[in-house]
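In our numbering, the protein residues as written are -17 to 231.
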């Protein structure tokens, strides 16, 4: 149930196209629906503008199928994140119309047209090609939430001329998601060049002293550049979500 559908239902009752019992039947699953292994927040799209997202890691294919079917019955768009290859292929077979992205490890099923919700462009940057999976998770999330997304990959500080050559892209973006591993310097550089919010995403990419992304995380939290918000290690989804909220009309 989203705002558009709820308005249509209420207007139908007002105009006499639906009786009260029909309206109550359609509303009976608000604000949640209990499955055997999950309690679905069916009220989330009304509260936040986007339905619950399925975190695929740790869930079985059977569980995810049941959750997806429940969401599709309510005409909700479905985003699944953190899918390994086997689970992704199994869900794609079960839902042939789904868009499966092996790089971002996401699956998206569109029940209805995505309404444009962003005031401007969300620019997703990453420092190196090894950071692309996390960057793509952020980009896909932002796109599914109705944003116009552009990408700028492999522009890390080891060759900073690659970034400076695209200054116009940086300045035109309304929100920037900057993904980096190793020493995590790219968000500081980008934030020093723009007057827009920067969402920094540390990745676990790096050698031993990177400590699985902890070094990168601490570097971003300690940035001397203003305007940076930091999400958790490898959390492309979280970055895409918060950028969408910032960019929302």
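For each residue, glycine too, the CB sits at the ideal point set by N, CA and C.
Original post:
Can you name, in chain order, every residue of its own chain whose Cβ lies under 6 Å from the Cβ of residue 159, other than the five neighbours on each side?
Top reply: 106, 120, 181, 221, 225
Original post:
Which class does residue 21 belong to by DSSP, given the choice of helix, strand or coil?
Top reply: strand
Original post:
Can you name the residues that DSSP bridges to residue 191?
Top reply: Residue 191 is not bridged to any residue.
**OP:** Put residue 84 into one of helix, strand or coil per three-state DSSP.
**Re:** coil
**OP:** Spell out the partners DSSP gives residue 159 in its beta bridges.
**Re:** 106, 181
Subject >> At least 3 beta-carbon pairs within less than 8 Å: the segment 131 to 143 vs the segment 190 to 200 >> reply: The answer is no - the segment 190 to 200 does not touch the segment 131 to 143, with fewer than three Cβ pairs under 8 Å.
Original post:
When the Cα atoms are used, what is the spatial distance from residue 200 to residue 116?
Top reply: 18 Å
Subject >> Rounded straight-line distance, which links the Cα of residue 36 to that of residue 67 >> reply: 16 Å
Original post:
According to the neighbour-count rule (16 or more other Cβ atoms, all chains shown, within 10 Å of its Cβ), is residue 19 buried or exposed?
Top reply: Answer is exposed; the Cβ neighbour count stays below 16.
Subject >> Exposure label - residue 206; buried when at least 16 CB within 10 Å >> reply: exposed
**OP:** Return yes when the Cβ of residue 185 is within less than 8 Å of the Cβ of residue 213, no when it is not.
**Re:** no
**OP:** With a threshold of 16 other CB atoms inside 10 Å of the CB of residue 40, please say whether the residue is buried or exposed.
**Re:** With fewer than 16 other Cβ atoms within 10 Å, it is exposed.
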